[in-house]
Each structure stands twice: as C-alpha cells, then as structure tokens.
Amino acid sequence: MESELPYEIDGAVIKINDNTACQKLGLKTNVPAYAIAYKRPEWFNEAQTKLERIVVQVGRTGVLTPVAEVTPVFLDGTTISRITLHNEDEIRRKDIRIGDTVVIKRAGRVIPAIVRVDDDQRTGAERHFDMPDTCPSCGTKVSRRELAGAGGIEAAIRCENERCPAQGARRIEYFASRAALNIDGLGEVVADKLVERDLAHSVFDLYALDLDTLANLNLGTAEEPRQLGEKIAQRILDALAASRTAPLAKWLFALGLPGVGETIAIKLAGAHPTIADLAHSTLLPLIVQQPELDEQIKRANPKGRNNRSRTETEKENLAIEHQRLVQEREANIEQINRAHLDGLGPIIANDVIEFFRSPAGHAVLRELKRLEIEPKGEAPRAVGETGPFAGKTVVVTGTLENFSREFAQAALRKAGAKVTSSVTKNTDYLIAGTKAGSKLTTAQSLGIEILDESQFIALLK
C-alpha cells in the first residue's frame, strides 16, 4: 500500500516476475506485453473540506483576487487552508458559495484548486459571493477590464490607485524575492509593515532605511509589539547595498515590467547595455512592427488572390514593393536575431515600450538616477558548439545541494543552454535535485535524459 511507503508515488508499473515468461510474451506494438502501468484515478488525490469564507487580495499590479479560506485539510503531504479562486468568472462557472462543501486537489500535485462543489451537502444556508466595488485596501473604486484567460475572455477587477498600500507592499515583496534581487529577510510580513508604518511606499524607499528604524520595526500590534531586530535588519540593509550592483536582468525582473519574466528580462538585458538604452530601444520597435510588415508583404504579393485582377504594370510595381518589404523584414529579423531577441513577441515588446513612455516608467528612470544605481546588461557569451549544453533546452527542478537553482540556471545560460521552466518534448535535459515533483514524472514519460546533481556538475566542468 502507498501509505506504507517512505515516499510518495502517483502510480506503479506491474510486471510479470519471470524472465522466461517475459521473453515469450515479447512486445505488443512498441510496449512490453509483460508489464502494465497503473495510474491512480483522479479522485484518489482529492479531498473534501468546507469553504468558510472568501477574502479578496490585492496584487502588485492592482488586480483583485478572491481567495477561499477552508477548514484545514491534509492532502498530498501538506495541510491546505487557503485556495485561490482566480477571478469572479471562475466562481460563477463552478457556482461556488460561502459555506459549501468543496472537493479540492493539488493541480500538478503542487497548487491547491477547487475541483467542484458537493451539491448534495448544501443546506440552503450557503451564500453567494460578489466581488467588491471598491479596493479592500485603499477604498478606491475598482475598474473592470476584459482579459484573455485560459478559459476565454475573463473580467479582471483592478484597483487603479498606484499609491494603494496593498499594491505597494506586494511590489516590495516581489522586488525582494529570491528570483528578483534576493533581499534576504524582507518577506511578506516585513513588506506589509513597512507600508503600514509609512516607512516605504515604493521599492526605492527601501534605500532610505537605516539600521535603527528597521531594527525597531514593529511586526506585531500596538498591544503585542514584536520588533524585527538588529540582526535581520542588518541582513536586509546588506542585501540592499549588494543589489545596487546587481545585473540589469535582475533589476528588470524585480521592477515587474509588464510581461517581463525572468527569461525575457535576460534577453532584454543581453541586448541593451543599460536601462536607459532599453527605454530608448531601437530593437523593440522592429519586433512590434513585424506583424504589420508581414501583412504589408501579403498585400503586396503580385501573385496574391486579391491582386489577380490587376494590370501587368500594377503587378510589376507590386513586385518591386513586395521585394523591398521582404528585404526590410529580413534585415529586421537579422538585427533581432543578432541581439538574441528571437522569441520575444510584439505584445511584450510593445508593453515594454509603453511602460517607459508612461509616468511610472519615467519615475523608475528618475529614481535610479537619483540613487546613482546603474545596472548593466550582459551580452550573451560566445560558447563552443561542442559543449554539452550548447544549444540545448534544459529544465532545473528540485532542491540542489551545492548551490541554488538560480545559480544553476545562470551557469547553464553561460554554457549556451536555453533554460525553460516547463518540461516538453523539446526539452533535452532535466536536472533533478531532491524533492523533484511532477516535472521529473513528465520527463520520464517523455524519455528525456535526466541528470542528477553530480552528473550536472561533471558536464558543466
């Protein structure tokens, strides 16, 4: 029984324990006839609990997200008490009500999710939930925008107040996270209290903090005070000092530019020496105009369906224009590829351009200049074509013993690898540390080469 094992499994392979019998049975198509895979049914990883209340969280971009608080329940090795409901449309689709008995699971055995409501257990006392008309943090009237989601067009409810305390706290927390500038000691609670105590409203306010102020920060209440302490305060200040010289890619990610995740930040920083160069990029407009250029090429094609009725003279003129546009596109693509910006789409490129045109973008440049922080970009290093990771797509998962996952990813990129977060059929290697989860299972099912930490280090050397 699985409960008797010292580790978790999500299935098993059942084989005939006789070599002679196995050889006689042989293969059926391309799988052995002497073995069968057993996967647990979906309901095996589900649990029931009661939805006690729904609270609304405000994210760093101002989006309001409903979160279900449920009676704590143990599932897949962890106790679950809070589950995101994503948005109002999701609540309506699943007809989720306060007081419902709900069935939950951990999507990908990681993220808690409500699968369905157990209608049979409804008593009539359950209450419908409506998203608020004002921000629960600052009281500003919220706006509704339609966004493309996994389930189609969904309504995002957003607080547009840039001085909203909740947004400020979440931006500070994001800025300090390990994947961003790694300000050790500055987590969710500290970020909340810095904003609540009026000590910081933007990430740049952090650089004005001193040891005495930070050490005496009250993380508790007036009735039950709890100071941050000098040791943690000094750790935060040391990390802030070190962040001044952090590379541009880290800063772009930490500042939360629209659409810019870790991979895109590295691409942008590799193509622009400074953040000022990015703000006035000549490369991003080339990416933005690609779809329109493609459409112009299509319209100018003399052999196109819409141009069949044109005269020969008109077709000759179109052919000249068509050739000019094709050459322009090829020249643009060459520039984009030379800058290693291939794969960066026009929507994100345009979002970055618009950010630096906005008051928020101007404020970022102004604050960095005031603080004399000049993060530098790092062009991709030239790597030998014979290296084991050159040109390979690699995913890192689990906990590594000798260094952090971020360090491993940076080392892979310097070795010429393309580092991604998801395992697909195009993945060449999965580097698996301890407690590797669903990515390891996916890699095994796809036949992807899996390296442990010692094998990874040996190849990297």
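Going by the numbering used here, the sequence shown opens with residue 1, and the numbers climb by one from there. Ideal placement from N, C-alpha and C gives every residue a C-beta, glycine not left out. Predicted model only: the values in this text are computed from it and were never measured.
Let's test the definition: count the other Cβ atoms within 10 Å of the Cβ of residue i and tell me whether it reaches 16, buried, or not, exposed.
i           : result
residue 38  : exposed
residue 270 : buried
residue 27  : exposed
residue 19  : exposed
residue 401 : exposed
residue 88  : buried
residue 6   : exposed
residue 248 : buried
residue 158 : buried
residue 282 : exposed
residue 363 : exposed
residue 243 : buried
residue 100 : buried
residue 211 : exposed
residue 461 : exposed
residue 371 : exposed
residue 298 : exposed
residue 128 : exposed
residue 145 : exposed
residue 348 : buried
residue 66  : buried
residue 236 : buried
Let me check understanding here. Comparing Cα to Cα, which of the options lies closest to residue i?
i           : options            : result
residue 58  : 113, 173, 33       : 173
residue 262 : 236, 362, 410      : 410
residue 303 : 322, 341, 212, 54  : 322
residue 340 : 139, 64, 289, 264  : 264
residue 258 : 332, 353, 305      : 353
residue 268 : 235, 197, 345      : 345
residue 378 : 390, 414, 371, 360 : 414
residue 103 : 320, 298, 45, 300  : 45
residue 368 : 212, 274, 142, 284 : 274
residue 195 : 234, 138, 212      : 138
residue 122 : 419, 64, 98, 61    : 98
residue 325 : 348, 234, 397, 292 : 292
residue 462 : 245, 350, 52       : The question about residue 462 has no answer here: the residues shown for the chain are numbered 1 through 461.
residue 430 : 449, 163, 330      : 449
residue 332 : 284, 398, 181      : 284
residue 290 : 419, 334, 232      : 334
residue 94  : 237, 115, 417      : 115
residue 366 : 77, 232, 276       : 276
residue 193 : 216, 181, 120, 182 : 216
Please report how far the alpha carbon of residue i lies from the alpha carbon of residue j, in whole angstroms.
i           : j           : result
residue 191 : residue 4   : 42 angstroms
residue 165 : residue 187 : 16 angstroms
residue 407 : residue 204 : 26 angstroms
residue 459 : residue 388 : 7 angstroms
residue 25  : residue 14  : 15 angstroms
residue 48  : residue 124 : 19 angstroms
residue 427 : residue 451 : 13 angstroms
residue 33  : residue 17  : 13 angstroms
residue 383 : residue 395 : For residue 383, the predicted structure reports a pLDDT of 45, less than 50, and the residue's modelled location is therefore unreliable. A value from the coordinates is still provided. Cα-Cα distance, rounded: 19 angstroms.
residue 185 : residue 230 : 12 angstroms
residue 118 : residue 140 : 36 angstroms
residue 327 : residue 376 : 33 angstroms
residue 447 : residue 75  : 29 angstroms
residue 202 : residue 168 : 6 angstroms
residue 405 : residue 239 : 19 angstroms
residue 214 : residue 198 : 12 angstroms
residue 221 : residue 79  : 27 angstroms
residue 111 : residue 86  : 12 angstroms
residue 436 : residue 453 : 12 angstroms
residue 308 : residue 317 : 14 angstroms
residue 161 : residue 62  : 8 angstroms
residue 142 : residue 133 : 6 angstroms
residue 155 : residue 96  : 17 angstroms
residue 287 : residue 278 : 14 angstroms
residue 150 : residue 51  : Summary for residue 150: the model assigns pLDDT 46, below 50, so the residue's position carries little reliability, and this model does not support an answer.
residue 83  : residue 92  : 16 angstroms
Sorry if obvious, but does the Cβ on residue i come closer than 7 angstroms to a heavy atom of the ligand SAH?
i          : result
residue 28 : The ligand SAH is absent from the structure shown, which contains no ligand whatsoever.
The stretch 175-194 touching the stretch 237-254, judged by at least three CB pairs closer than 8 angstroms: yes
Segment contact flag, the stretch 419-431 with the stretch 443-450, C-beta cutoff 8 angstroms, min 3 pairs: yes
Validate contact between the stretch 223-236 and the stretch 346-361 using beta carbons, cut 8 angstroms, 3 pairs: no
In chain order, each alpha helix (DSSP H) run of at least 4 residues that lies wholly inside the stretch 343-377: 346-357, 359-370
3-residue-minimum beta strand (DSSP E) runs that sit fully inside the stretch 186-231, ordered along the chain: none
Unbroken stretches of the alpha helix (DSSP H), 4 residues or longer, contained in the stretch 276-306: 284-288, 290-300
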